[in-house]
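**Q**
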Amino acid sequence: MLSSTAEPPDAPRSWRSRRLRLAGVAVSVLVLAAIGLRGRLPDPHEFLVALTGAHWGWVAAAVVLQIASIGAFACQHQYLLNALGVRIRRRRVMAITVAGTAISISVPAGAAVSAGYSIREYERAGAPREIGAVSAIVNGLASIGGLALIYVAGGAVVLMYSSTTSLTWRPLVIVGVLAALTFAAVALGRRLAEAPPAPSPSASPESVKQRGRVALYVHGLLVAAREAWRAGAGLRIRDWCAVVGYAALNWLTDLLCLVACTRALGLDVNLITLAGIYLGVQIVRQVPLSPGGIGVIETALVAGLTTAGATAIIASAAVLIYRLLSCWILLPAGGAAALFLRRAGTRQPVPIGTR
0 MLSSTAEPPD
10 APRSWRSRRL
20 RLAGVAVSVL
30 VLAAIGLRGR
40 LPDPHEFLVA
50 LTGAHWGWVA
60 AAVVLQIASI
70 GAFACQHQYL
80 LNALGVRIRR
90 RRVMAITVAG
100 TAISISVPAG
110 AAVSAGYSIR
120 EYERAGAPRE
130 IGAVSAIVNG
140 LASIGGLALI
150 YVAGGAVVLM
160 YSSTTSLTWR
170 PLVIVGVLAA
180 LTFAAVALGR
190 RLAEAPPAPS
200 PSASPESVKQ
210 RGRVALYVHG
220 LLVAAREAWR
230 AGAGLRIRDW
240 CAVVGYAALN
250 WLTDLLCLVA
260 CTRALGLDVN
270 LITLAGIYLG
280 VQIVRQVPLS
290 PGGIGVIETA
300 LVAGLTTAGA
310 TAIIASAAVL
320 IYRLLSCWIL
330 LPAGGAAALF
340 LRRAGTRQPV
350 PIGTR
């Protein structure tokens with residue numbers, strides 16, 4: 000009698016097709032990068048000279064900061080899952096985080112595809128599907144709140160210790176809007192949490208005939224999203240503070256990685272200017288012009304650094320190091336994480352109790 004864990008006869012073919020899809024994604028990313036960066040890089044010889052002259056101590060610091068950024072992102076996910084009553088091993092959460100990040104920067108509509116992938120992997124790791132949906136919604140709101148937090152805190156510190164520094168109102172307006180949207184989403188979710196839950200859509204033959212399969216499916220998705228929002232907004236205040244704090248640490252270490260990359264090339268751009276450039280790039284990358292903002296982010300960063308006084312060669316070299324650490328190296332790392340997750344198997348939920 001065959002074991003229940005035996006693979007179906009078509010498993011090798013399915014595995015080959017997955018590898019072909021991964022190879023296709025990798026080739027697509029390389030083609031998009033070549034198109035996006037075409038004509039935007041300086042003379043190759045001068046570019047290589049600038050790279051070889053980099054201060055490798057600062058490059059090592061940038062590597063450590065980017066690892067810390069990814070680690071903070073994984074801790075954000077793990078803390079939230081614990082707060083929602085599910086315990087998953089840290090290395091598995093880290094693998095899901097890295098694989099999901101690689102997906103988000105390598106395919107069109109990467110954020111949505113990455114969220115769906117993460118929900119599925121958390122379900123395989125023992126989290127109910129509803130908890131995975133809650134995690135996706137809350138982490139999105141926490142990321143917005145974390146970005147707003149570091150700019151509000153940074154602006155307050157600058158004004159406190161440097162009376163001669165003038166801050167423009169535009170970044171403050173952007174940060175204010177981000178903070179207001181996050182607060183409004185949480186407040187509305189708390190009101191939904193107090194309301195009685197919506198009934199699940201009926202899937203009876205009569206209901207399907209009256210409303211149509213597509214309408215019924217869309218209604219089911221909306222109900223599931225509302226219930227996930229209700230559950231996420233019902234978290235304790237200290238859980239929200241911890242998740243937003245991890246998100247802020249994720250943003251801050253990524254920003255400091257960019258700072259270290261500029262220092263490695265000898266760029267003397269002050270932190271306030273770099274923070275403004277970084278904020279502008281994060282806003283630009285939300286427009287899905289290319290997977291992961293490939294070509295768009297590089298162009299925006301180089302333009303910002305050259306406006307701040309850097310030469311095109313030095314600015315391009317600094318941006319290349321930063322994007323290599325924050326984007327390109329995550330693609331093979333995400334592939335390795337996805338292979339690890341395939342072999343990890345499916346587990347039953349391990350509840351730790353509702354807080």
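In terms of numbering that gives the first Met the number 0, the sequence shown is residues 0 to 354. Note that beta-carbon positions come from the ideal geometry of N, C-alpha and C, so glycine has one too. Computed from a predicted structure; not experimentally measured.
Quick one, are the C-beta atoms of I384 and A307 less than 8 Å apart?
**A** Any question about residue 384 goes unanswered here, given that the chain covers just 0 to 354.
**Q** Over the uninterrupted alpha helix (DSSP H) stretch that includes R322, give me the two end residues.
**A** A311 to R322
**Q** Does the contact criterion of 3 or more C-beta pairs under 8 Å hold for the segment 60-68 versus the segment 243-263?
**A** yes
**Q** Only counting the same chain, and skipping five residues up and downstream in sequence, which positions put a Cβ closer than 6 Å to that of S3?
**A** Unreliable positioning characterises S3 in this predicted model, as indicated by a pLDDT of 41, which lies under 50. The coordinate reading is nonetheless provided below. Here the set comprises nothing.
**Q** Going by other Cβ atoms of all chains shown within 10 Å of its Cβ, with 16 needed for buried, is H76 buried or exposed?
**A** buried
**Q** Note down, in chain order, each residue of its chain lying with its Cβ closer than 6 Å to the Cβ of A141, except the 5 sequence neighbours on either side.
**A** V242, V243 and A246
**Q** In this structure, how does DSSP classify G292 when only helix, strand and coil are distinguished?
**A** Of the three classes helix, strand and coil, the one that applies to G292 here is helix, per DSSP.
**Q** Using beta-carbon positions only, say whether A73 and M93 come within less than 8 Å of one another.
**A** The answer is yes: Cβ separation under 8 Å.
**Q** Identify every run of the alpha helix (DSSP H) within the segment 87-115, keeping only runs that are complete inside it and at least 4 residues long; order them along the chain.
**A** Every alpha helix (DSSP H) stretch that sits fully inside the segment 87-115 and reaches 4 residues is listed by chain position as 89-103.
**Q** Using only alpha-carbon positions, find the residue among W327, Y78, A335 and N269 that is nearest to L304.
**A** N269
**Q** In chain order, what residues of the same chain have a beta carbon less than 6 Å from the beta carbon of A67, not counting five sequence neighbours either side?
**A** T252
**Q** Return the chain-ordered list of same chain residues with a C-beta closer than 6 Å to the C-beta of G292, the five sequence neighbours on each side being excluded.
**A** R284
**Q** Run through DSSP, which three-state label would A337 get?
**A** Here A337 sits in helix by DSSP.
**Q** Since I87 and A126 are thought to touch, with beta carbons under 8 Å apart, how far apart are those beta carbons, to the nearest angstrom?
**A** 7 Å
**Q** Assuming L80 and S117 make a contact with CB atoms under 8 Å, what is their CB distance in whole Å?
**A** That belief does not hold up - the Cβ atoms of L80 and S117 are roughly 11 Å apart, past 8 Å.
**Q** Run through DSSP, which three-state label would N269 get?
**A** coil
**Q** Express the C-alpha separation of R89 and G70 in angstroms, rounding to a whole number.
**A** 10 Å
**Q** Beta carbon of L338, beta carbon of S105: below 8 Å?
**A** Using a Cβ distance threshold of 8 Å, L338 and S105 do not count as a contacting pair.
**Q** Once you ignore the five residues that flank A5 on each side, which residues in its own chain have a CB closer than 8 Å to its CB?
**A** Note on A5: pLDDT 45, under 50, position unreliable in the model; the coordinate value appears next. None.
**Q** Roughly how many angstroms separate the alpha carbons of W239 and L300, rounded to a whole number?
**A** 32 Å
**Q** Would you identify the three-state DSSP class for P127, choosing helix, strand or coil?
**A** coil
**Q** Under the three-state reduction of DSSP, which class applies to R284: helix, strand or coil?
**A** coil
**Q** Return the Cβ separation of C260 and A309 in integer angstroms, given the expectation that the two are a contact with Cβ distance under 8 Å.
**A** 12 Å between Cβ atoms; not a contact.
**Q** State buried or exposed for A98, treating a residue as buried only when at least 16 other CB atoms are found within 10 Å of its CB.
**A** buried
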